[in-house]
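Let me begin by presenting the structure, written as structure tokens, before commenting on it.
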Amino acid sequence: MSVRRSVALVAALAASTAALMPITLGTASAAPVPVHQAADDEVVQLPAGRWEDSPIYAKWQALGGASFAGDKVGDEIYLSNGIRWAKFAKYDIVITWKEGLGAHWMSGAISRLWQPGDAIVKSAATMDQVPVSRGSQAGAAIAYDTGYSVYYSDAYGAYAVAGKQRDKYWANGSVTGKFGWPISDQIAMADNGGVEQRFSEAVSLFQQVPSESETYWISGALRDEYREKGGPNGFGWLTRDQVAEAGNGWSAQAAKGSIYWSASTGAHALSDFSTGGYVNKGGPNGHLGYPTTDTSEHDGGETTDFSTGKTLYARVQSSGFMWMGGRVRDTYDVNGGTAGPLGWPRSDQTPAPGTDGQYVRFGDNFDKVILWGPRTGGSVVGGPILQRLRADGDVAVYGLPQYGEMTTGEYRFQQFEKATVFVRGSNVYTLGWDFRAGWWQTGGTQSPLGMVASDMYLVANNVIQQEFVNGWITCDYNVGECYYDLKQSAAQATSKPTLEQAREKGTKFRATGSGPRK
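Residues -30 to -1, 1 to 488 (mature numbering (1 follows the signal peptide of the UniProt record, and there is no 0)) make up the sequence shown, in order.
As structure tokens, this is what we get:
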């Protein structure tokens, strides 16, 4: 037979087998069988008869005889499991035959993998070797009755794919799909008995229990991060295939956490605990976006930063997942973050009612808070000042804090946009609106009125008064006027002025509003 006829015959065989994917085997798919495993089948005497009567001879002749494969090398081998095979002089060609499967040929790296050295492998080909290609990359493939296939490429060599790895490989397009060519046999993973198999398009298949458990794939930067975290031995076995996420991103899930990737953020690993909080808040499709750091452990919890400038706080003890970002988070960090006096956040960052600000709660009893606004910046409010703020209608009434808590003499105080809260011992006073404006006009902490000595109180219809250590301020909102008056004697120290006395003896200043909202 001419070389031209042999090439045509190979092409016809290739067309008839449909490029190997999927391949119909003569037996059910078995467990993966390492290709280099030598069979223990006994080589037995070939039944009496002529070489010309052998089905191997018939196949050799059909392929073109010596012009295609060269002459037979050595004897035809006949195994006790019914497999017959013979090797030929050209291209390491081997032909196998088994009842029900017929005779099929293989060559080159594929036949050398099937029969390394003098070892005899107890498998029969279920098809002829066929050419396969991925773009300009040429190769060949074949399948065997023990449930594995071998793929060869000029670029990577010959490797076997079997069992659930082969099922997953075929489901994703085989050689022309997203995996490409196999570039390794199954690689045993240290310490746990599972396996990895690698493919040319930066893809790996991982299987925890060979032959039994499901096989999952991971690729590219996700795979790099998975390996960086120790792979199955460090991050646990994959629990699903890599999946597409919002914005052309990808994610992978393992027993000990997840890995998320996007083009702008790269791949980052989250612990299993933090993954739960991230998914609960929408994952990549939510307001957090993609992670920009790996999860880090500290101070009894975990933190992860995200592309929207927000941080997820996962406090293990309380199983709580809270987020904050931007200037609110900056304020938190300046105050020590998770290791500081505020501890872990106990709420998400939330709009402050009645303002354009934001807040986050802290403490077991929510007895501390960060309040932030675009005009005021961020400040911590806590203790009796926070209690007074909440009791009087919160920031919708007082406005946002303009500073942190400060001290003057025996007083602690904190200034809000519309009022200031003073604490002296167990006494808490609010000084705000026109009363604070009048006190500031007279010198504030240096005012002859002295420090505030009471809350505001009603003395007549729409008339409000507040006492100071050395005097009073009285505001008549019926006429829009306020008056301040100093205590001139010990008798006055306990005698509150009437509206008439305030008008007669006090210094007048104009009220700016309709009265405090409290």
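Using N, Cα and C, we set each Cβ at its ideal position, and we do this for glycine too.
Quick caveat: nothing in here was measured; it's all calculated off a predicted structure.
Closest Cα partner of residue i within the set the options
i           : options                           : result
Tyr373      : Gly379, Arg358, Ala361 and Leu341 : Leu341
Gly347      : Ser123, Gly369 and Ser424         : Gly369
Arg82       : Lys60, Gly363 and Ala309          : Lys60
Met97       : Ser77, Leu282 and Gln177          : Ser77
Asp242      : Thr274, Asp269, Trp220 and Leu258 : Thr274
Ala163      : Gly256, Asp23, Ala28 and Phe176   : First, the residue type needs correcting, since residue 163 is Gly and not Ala in the sequence shown. Of Gly256, Asp23, Ala28 and Phe176, the residue nearest in Cα terms is Phe176.
Thr477      : Asn448, Pro486, Ile443 and Gly483 : Ile443
Gly324      : Val365, Gly150 and Leu401         : Val365
Gln156      : Ser144, Lys148 and Phe169         : Phe169
residue 497 : Lys57, Gln167, Met159 and Ala224  : One cannot answer for residue 497 here, as it falls past the ends of the chain, which runs -30 to 488.
Gly105      : Gly72, Val145 and Gly395          : Val145
Gly190      : Ala132, Ala172, Tyr196 and Gly200 : Ala172
Lys92       : Trp75, Tyr122, Arg54 and Gly70    : Arg54
Gly35       : Ser50, Gly52 and Ala56            : Ala56
Gln107      : Gly127, Leu282 and Ala113         : Gly127
Gly133      : Ala73, Val330, Trp140 and Tyr118  : Tyr118
Leu72       : Trp84, Ala39 and Tyr114           : Here residue 72 turns out to be Gly, not Leu, going by the sequence shown. Checking every option, the nearest Cα to that of Gly72 belongs to Tyr114.
Phe336      : Pro321, Pro315 and Ser123         : Pro315
Asp269      : Gly256, Tyr283, Pro261 and Val120 : Tyr283
Gly485      : Asp300, Ala389 and Gln416         : Ala389
Reduced DSSP category for residue i - H, G, I as helix; E, B as strand; rest coil
i        : result
Gln416   : helix
Val449   : coil
Asn397   : strand
Gly310   : coil
Gly34    : coil
Val179   : coil
Ile80    : helix
Gln372   : coil
Glu470   : helix
Gly(-5)  : Here Gly(-5) scores only 30 on pLDDT, less than 50, and its place in the model is too uncertain to base an answer on.
Tyr129   : strand
Trp231   : strand
Asp275   : strand
Ser50    : coil
Lys138   : helix
Trp151   : coil
Phe336   : coil
Ala(-12) : Because Ala(-12) sits at a pLDDT of 35, beneath the cut-off of 50, its placement in the model cannot be relied upon, and the point is left open.
Ser144   : helix
Gln167   : strand
Trp442   : strand
Lys475   : helix
Arg331   : strand
Distance, residue j Cα to residue i Cα
i      : j      : result
Asn305 : Ser244 : 24 Å
Ala423 : Val433 : 18 Å
Ala89  : Asp211 : Interpretation of Ala89 is limited by its pLDDT of 46, a score under 50 that renders its predicted location unreliable; the figure taken from the coordinates is listed afterwards. So the two alpha carbons sit approximately 37 Å from each other.
Pro180 : Val165 : 7 Å
Ile26  : Trp67  : 7 Å
Gln471 : Glu437 : 15 Å
Pro101 : Ser24  : 27 Å
Leu33  : Ala110 : 17 Å
Leu258 : Ser228 : 16 Å
Glu380 : Arg394 : 6 Å
Val213 : Lys251 : 19 Å
Ala233 : Met376 : 47 Å
Gly70  : Ala94  : 11 Å
Gly408 : Gly296 : 36 Å
Gly441 : Ala481 : 18 Å
Leu240 : Arg360 : 37 Å
Val58  : Pro152 : Rather than Val, the amino acid found at residue 58 in this sequence is Phe. So the two alpha carbons sit approximately 27 Å from each other.
Leu312 : Val131 : 56 Å
Tyr447 : Gln328 : 33 Å
Val439 : Phe291 : 48 Å
Lys138 : Arg345 : 58 Å
Bridge-paired residues (DSSP) for residue i
i      : result
Val43  : Lys57
Arg480 : Glu451
Pro86  : None, per the DSSP bridge assignment.
Gly200 : Paired residue(s): none; Gly200 is not in a bridge.
Leu240 : Ser228
Ala95  : Tyr114
His74  : Thr66
Arg285 : Gly271 and Gly290
Thr377 : Arg382
Ile188 : Ser174
Gln223 : Ser228
Trp409 : BP columns for Trp409 are empty, so no partner.
Arg104 : Gln107
Any C-beta of chain D under 7 Å from that of residue i
i      : result
Asp115 : Considering every chain present, this structure includes no chain D. It has just one protein chain.
The ligand NAD heavy atom lying under 6 Å from the CB of residue i
i      : result
Lys338 : As for the ligand NAD, it is missing from this structure, which has no ligand bound.
Practice task
Examine the Cβ distances between the segment 354 to 369 and the segment 412 to 422 and report whether three or more of them are shorter than 8 Å.
Solution key: Fewer than three Cβ pairs drawn from the segment 354 to 369 and the segment 412 to 422 lie within less than 8 Å of each other, which leaves the two stretches out of contact.
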